[in-house]
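Going down the list, the protein sequences come from chains A and B. 86 is the number that our numbering gives to position 17 of the first sequence; each next residue is one higher, with no gaps. 410 is the number that our numbering gives to position 262 of the second sequence; each next residue is one higher, with no gaps. Note that CB positions come from ideal geometry on N, CA and C, so glycine has one too.
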Amino acid sequence: MSGYIEAQLIILCLSIIYAYGIFLPAASGQLNLGAAGFITLGAYASAWFNASTGAELPMWLSIPLAMIFTGIIAFAISFPILRTRGVYMVLATFAFAEVVSGVAINLEFVGGAAGFPVDDHADVTVIVPVTIAVILFSFYFMSTRLGLSLRSIHDDESVATLFGVNVRTSKVVAFTVGAMLMSLGGSLYGHHYNYIEAQTFNVLLSIYILLYVLMGGTQTAWGPLIGATFFAVVPEALREIAESAGLKWLAEGRFILFGVFIVLLMVFRSEGVMTRTLQDRLGGGLFRRKKPIADDMAGGS
Amino acid sequence: MLIIQQLVNGLMLGGVYVMVAVAFTLIIGMLNFLNFTIPALFMFAAVLMYATMMGHLPFGNDLILSVFGTEYRWVAGIIVALVVIALVSLVIERFTYRYMKAKYGDATEHALPLVSSLGFLIIFEHLVVSTWGSDPLTATSPFGQGTFSIDTIIFSVPQIVSLVLSLVVVVMLSVMLKATKLGRALRAIAERPDTAILMGVEVSRIVPVVYVITGLLCAVSGILFTINYATVDAYVGDTVATVAIAGMVLGGLGNVWGAIIGGLFIGMLEVMSIYIVGADFAKLPIWGLLLVLLVFKPTGLFGHTLIGKGKF
Chain A
70 MSGYIEAQLI
80 ILCLSIIYAY
90 GIFLPAASGQ
100 LNLGAAGFIT
110 LGAYASAWFN
120 ASTGAELPMW
130 LSIPLAMIFT
140 GIIAFAISFP
150 ILRTRGVYMV
160 LATFAFAEVV
170 SGVAINLEFV
180 GGAAGFPVDD
190 HADVTVIVPV
200 TIAVILFSFY
210 FMSTRLGLSL
220 RSIHDDESVA
230 TLFGVNVRTS
240 KVVAFTVGAM
250 LMSLGGSLYG
260 HHYNYIEAQT
270 FNVLLSIYIL
280 LYVLMGGTQT
290 AWGPLIGATF
300 FAVVPEALRE
310 IAESAGLKWL
320 AEGRFILFGV
330 FIVLLMVFRS
340 EGVMTRTLQD
350 RLGGGLFRRK
360 KPIADDMAGG
370 S
Chain B
149 MLIIQQLVNG
159 LMLGGVYVMV
169 AVAFTLIIGM
179 LNFLNFTIPA
189 LFMFAAVLMY
199 ATMMGHLPFG
209 NDLILSVFGT
219 EYRWVAGIIV
229 ALVVIALVSL
239 VIERFTYRYM
249 KAKYGDATEH
259 ALPLVSSLGF
269 LIIFEHLVVS
279 TWGSDPLTAT
289 SPFGQGTFSI
299 DTIIFSVPQI
309 VSLVLSLVVV
319 VMLSVMLKAT
329 KLGRALRAIA
339 ERPDTAILMG
349 VEVSRIVPVV
359 YVITGLLCAV
369 SGILFTINYA
379 TVDAYVGDTV
389 ATVAIAGMVL
399 GGLGNVWGAI
409 IGGLFIGMLE
419 VMSIYIVGAD
429 FAKLPIWGLL
439 LVLLVFKPTG
449 LFGHTLIGKG
459 KF
């Protein structure tokens, strides 16, 4: 595998893991713009557990410990944050990410503003299997009773409450598990590039990850996979095509075209690329869900 | 004395945030959506002002030079920035608000315009990067560095003018909201859009006006930013807008006067925390305050409770 392809594959894998972390709360309609915060927590915690100046644990131990650490923090803040909704939730998670990055920059024992070197290296043979495991886990998670609850909350929270779904528990679990996945992605990022800086995990990263999920679609577990792949592949493909065709302006301005894509996608397919209806149509017999009555009514087919 | 100087600087910086915060709060108050095109418009206006003033537009530089001369190119800059931003705002309205009503009306429906507006943010940032590059662009201020001092406290004249100007614009806006027919229609939409339609408010014609007003607020703010701070780049909007969001939340979502006070306060908080604890810590007080506020008093200091509860 050439170095270039491998580098792109790593970026794709990390994007997919991050995207599933945001997807789980988004599947219940909670928009989390704080991805960067959880990624920072995971990356720094794992680096510190691994570092010779820290706990000196091997990588296979430091990553799960970082996930648990992030999970505890996410669990603790999920109660106040999930009290907010809609625009307020977007703002609260966003503020949380900024607070985390502000703290990380100022902690001297993890390098402060200068960044923090990470000891153990995770190469592509670690990251790809982990990514596949995350994807499979997310599909499983969405097929459980809890996943069904999340979907029902996404569609209509008050009706879900009436039918006896424990809305708060479901939301807290989705938020916490999502945060742990992002932490996993952050740790792998640190262990792959062997160097982390709080400034890398900025608002723009959170925005992009939220875009992966919303563009892919929040209705099915395929959404984040499609969204992240689209984001990782399309700009690169555009660059390749533009460069081979000798269009320098297109190679430089490919993100403009990409922005236009996003706007148009929202015009023509506002629920994201992958919806339940499309999944049914594509899947044929293989993935067909048992059709609930409510779907027939909503779909109007 | 130094501390008073810092407070004055903070107030001036707050002046920049005020208009952006008011732009955010107007869109959130009226349409219940967090408009991420605001940083883009702010940045685009600032860069257009720079480009016109310094003769770096992609075309039309000679025309501007022959009409206005080197002396008055800043006037041309203001005109270009305002006109372009007003037009762009209409395009943005066409592609964000119009698609707000989701077909199935689920919990993430308010995400649709959010995503479109993020798309526009990406478009404008990369438009600027591919035209002018990603390095900081430095303009020479047409007014020089005029300062005067009262008892060792230094005031910069352009900054005072912009602070006053931004306050005047915002006061005019709030008078407009209170006293005119348009203002009444806007408040009706903010209160309850469906009822507003029943009462004969033409929502589809009023909403573009809201977009143009917020676009012009961003444009004026961006122009003043270029004149005062002289250095702009493609990402200046992100930095300013994130802080302005904090100011808006502090004042209460959807409250114009709250946004003014919040913006000024955040400006002072930023300068004071840089002064007291250093630049690395400067983010913490702002975001910590925002987080605590959102959790414990999400309505902010003067907000109302309607926002985010089943509008549209």
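Same chain only: Cβ atoms within 7 angstroms of residue i, ignoring 5 sequence neighbours per side
| i | result |
| --- | --- |
| Ala255 of chain B | With a pLDDT of 48 at Ala255 of chain B, under the threshold of 50, the modelled position of that residue is not reliable, and the figure given next carries that caveat. If we look at Ala255 of chain B and ignore the five residues flanking it on each side, it has no Cβ neighbours. |
| Gly184 of chain A | Tyr264, Ile265 and Glu266 |
| Val419 of chain B | Gln154, Asn157, Gly158 and Leu161 |
| Ala412 of chain B | It is Leu, not Ala, that sits at residue 412 of chain B in the sequence shown. The residues are Leu159, Gly162 and Val166. |
| Thr300 of chain B | Met149 |
| Leu266 of chain B | Phe184 |
Distance between beta carbons of residue j and residue i, contact taken as under 8 angstroms
| i | j | result |
| --- | --- | --- |
| Ala301 of chain A | Phe107 of chain A | In fact, because the Cβ distance is near 20 angstroms, the residues do not count as touching under 8 angstroms. |
| Leu189 of chain B | Ile233 of chain B | 6 angstroms |
| Ala145 of chain A | Leu442 of chain B | Their Cβ separation, rounded to whole angstroms, is 16 angstroms, which puts Ala145 of chain A and Leu442 of chain B out of contact at 8 angstroms. |
| Asp428 of chain B | Ala182 of chain A | 6 angstroms |
Neighbour list for residue i in chain B, Cβ cutoff strictly below 8 angstroms
| i | result |
| --- | --- |
| Asn175 of chain A | Asp428, Phe429 and Leu432 |
| Ile182 of chain A | According to the sequence provided, residue 182 of chain A is Ala. The question's Ile does not apply to it. Neighbours of Ala182 of chain A on chain B, chain order: Asp428. |
Neighbour list for residue i in chain B, Cβ cutoff strictly below 7 angstroms
| i | result |
| --- | --- |
| Val329 of chain A | Ile271 |
| Phe165 of chain A | Leu439 |
| Phe16 of chain A | No answer is possible for residue 16 of chain A: it lies beyond the span of chain A, which begins at 70 and ends at 370. |
| Ala161 of chain A | Leu439, Leu442 and Val443 |
| Gly296 of chain A | Residues of chain B passing the Cβ test: none, with the nearest at roughly 11 angstroms. |
| Gly90 of chain A | Simply none; closest approach about 16 angstroms. |
Same chain only: Cβ atoms within 8 angstroms of residue i, ignoring 5 sequence neighbours per side
| i | result |
| --- | --- |
| Ile85 of chain A | Thr200, Val203, Ile204, Pro293, Leu294, Ala297 and Thr298 |
| Ala378 of chain B | Thr286, Ala287, Thr288 and Ser289 |
| Val317 of chain B | Met167, Leu365 and Val368 |
| Gly101 of chain B | Since the displayed chain B opens at 149 and closes at 460, residue 101 of chain B lies outside it and no answer follows. |
| Ala327 of chain B | none |
Short Cβ contact (8 angstroms threshold) for residue i with residue j
| i | j | result |
| --- | --- | --- |
| Ala105 of chain A | Ile174 of chain A | no |
| Gly395 of chain B | Ile424 of chain B | no |
| Ala336 of chain B | Gly177 of chain B | no |
| Met343 of chain A | Thr269 of chain A | no |
| Phe92 of chain A | Ser207 of chain A | yes |
| Gly111 of chain A | Gly254 of chain A | yes |
| Phe324 of chain A | Ile270 of chain B | yes |
| Leu401 of chain B | Thr244 of chain B | no |
| Val234 of chain A | Ser218 of chain A | yes |
| Ile150 of chain A | His261 of chain A | no |
| His223 of chain A | Ala96 of chain A | yes |
| Phe330 of chain A | Pro94 of chain A | no |
| Val272 of chain A | Thr390 of chain B | yes |
| Met197 of chain B | Thr374 of chain B | yes |
| Gly370 of chain B | Ala194 of chain B | yes |
| Val358 of chain B | Leu334 of chain B | yes |
| Leu83 of chain A | Tyr209 of chain A | no |
Residue i: contacting residues in chain B (beta-carbon distance under 9 angstroms)
| i | result |
| --- | --- |
| Ala248 of chain A | Residues of chain B passing the Cβ test: none, with the nearest at roughly 16 angstroms. |
| Glu321 of chain A | His274, Val277 and Ser278 |
| Val168 of chain A | Lys431, Leu432, Trp435, Gly436, Leu438 and Leu439 |
| Ser84 of chain A | Correct list: empty, because the minimum Cβ distance to chain B is about 16 angstroms. |
| Gly123 of chain A | By Cβ distance, chain B contributes nothing, its closest Cβ being about 22 angstroms from Gly123 of chain A, past 9 angstroms. |
Chain-ordered neighbours of residue i on chain A, where CB pairs are closer than 7 angstroms
| i | result |
| --- | --- |
| Ala259 of chain B | Leu100 and Leu283 |
| Ser297 of chain B | Under the 7 angstroms cutoff, chain A gives no residues; its nearest Cβ is about 34 angstroms from Ser297 of chain B. |
| Leu223 of chain B | One detail in the question is off: residue 223 of chain B reads as Val in this sequence, not Leu. The contacting residues do not exist; Val223 of chain B stays about 30 angstroms from chain A at best. |
| Phe243 of chain B | Val332 and Val336 |
| Phe268 of chain B | Gly328 and Val332 |
6 angstroms Cβ shell around residue i - same chain, five flanking residues per side excluded
| i | result |
| --- | --- |
| Leu230 of chain B | Ala367 |
| Ala199 of chain B | Leu205 |
| Val179 of chain A | Tyr113, Trp117 and Phe185 |
| Phe221 of chain A | Sequence inspection shows Ser at residue 221 of chain A; the Phe mentioned does not correspond to that position. Closer than 6 angstroms at Cβ, skipping near neighbours: Ala229 and Val234. |
| Ala191 of chain A | Leu257, His260 and His261 |
Contacts of residue i in chain A (Cβ-Cβ under 8 angstroms)
| i | result |
| --- | --- |
| Ser289 of chain B | The contacting residues do not exist; Ser289 of chain B stays about 29 angstroms from chain A at best. |
C-beta neighbour in chain E for residue i, strict 8 angstroms
| i | result |
| --- | --- |
| Val263 of chain B | Chain labels in this structure do not include chain E; the protein chains are A and B. |
Heavy atom of the ligand GDP within 7 angstroms of residue i beta-carbon
| i | result |
| --- | --- |
| Val197 of chain A | The ligand GDP is not part of this structure, which contains no ligands at all. |
Any residues in the region 417-448 of chain B with a beta carbon nearer than 7 angstroms to a beta carbon of chain A? Which ones, in chain order? Asp428, Phe429, Lys431, Leu432, Trp435, Gly436, Leu438, Leu439, Leu442, Val443 and Pro446
Please name the residues in the region 137-159 of chain A whose beta-carbon is closer than 8 angstroms to at least one beta-carbon of chain B, in chain order. Pro149, Ile150, Arg152, Thr153, Arg154, Gly155, Val156, Tyr157 and Val159
If you measure beta-carbon to beta-carbon, which residues of the region 378-399 of chain B are closer than 8 angstroms to chain A? Asp386, Thr390, Ile393, Ala394 and Val397
Of all the residues that make up the region 272-290 of chain A, which are near chain B by a beta-carbon distance shorter than 9 angstroms? Val272, Leu273, Ile276, Tyr277, Leu279, Leu280, Leu283, Met284, Thr287 and Gln288
Given a limit of 9 angstroms on CB to CB distance, which residues of the region 165-192 of chain B reach chain A? Ile176, Asn180, Phe181, Leu182 and Phe184
When Cβ atoms are compared, which residues of the region 195-224 of chain A fall closer than 9 angstroms to chain B? Ile222, His223 and Asp224
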